[in-house]
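Colleague: Before I ask anything, here is the structure I am working with.
Residue numbers (the numbering used here): 159 to 302.
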């Protein structure tokens, strides 16, 4: 049996969607603006995208970011799979304790946890090992 939705409910959902997605749409449209003005659209142009693609510093930053993201994803997937297999074969008390500990980051805002982990990893290691540890600690691989 389906419950009928009222006009107000549909209108409220529509207003929420407009509130969330309209700024993204406006930003996408203004990214093709030919002038530097953020308030007046003067014409269609791909000038800013061309400058972005020809900037070598941005290209290097994107390469480093993608490399670290792929590395962190592979490592977290392997560790998460091993943990999930171990949790599925463990006793109920241990499983519930570890799952509750795993849910602790949900209680913290992500930025607080990220800054704390960055400070921890920075104090433990210096140089190249710090960034991959800090980069993609989120999202956690969870066994639910």
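Ideal Cβ placement from N, Cα and C applies to all residues, glycine included. The structure presented is a predicted model; accordingly, all values stated were derived computationally and were not measured.
#1: Any idea if residue 282 is buried or exposed, counting beta-carbon neighbours within 10 angstroms, 16 or more meaning buried?
#2: Which residues bound the alpha helix (DSSP H) around residue 218?
#3: Evaluate the contact criterion for the segment 222-231 versus the segment 207-214: three or more CB pairs, one atom per stretch, below 8 Å.
#4: With distances taken Cα to Cα, identify the nearest neighbour of residue 187 among 165, 258, 207, 172.
#5: Taking 8 Å as the cut-off, decide whether the C-beta atoms of residue 203 and residue 195 are in contact.
#6: Going by beta carbon distance, what residues of the same chain come within less than 7 Å of residue 189, once the five residues before and after it are set aside?
#7: What would DSSP say about residue 266, mapped onto helix, strand or coil?
#8: Where DSSP assigns a beta bridge to residue 191, which residues make up the other side?
Modeller: Reading from the atomic positions:
#1: Taking every protein chain shown into account, the CB of residue 282 has fewer than 16 other CB atoms within 10 angstroms, so this residue is exposed.
#2: Element bounds for residue 218: 214-246.
#3: No, they do not touch.
#4: Nearest of 165, 258, 207, 172 to residue 187, Cα basis: 207.
#5: No, the Cβ-Cβ distance between residue 203 and residue 195 is not below 8 Å.
#6: Taken in chain order, the residues that qualify are 206.
#7: Note: residue 266 maps to coil in three-state DSSP.
#8: According to DSSP, residue 191 shares a beta bridge with 202.
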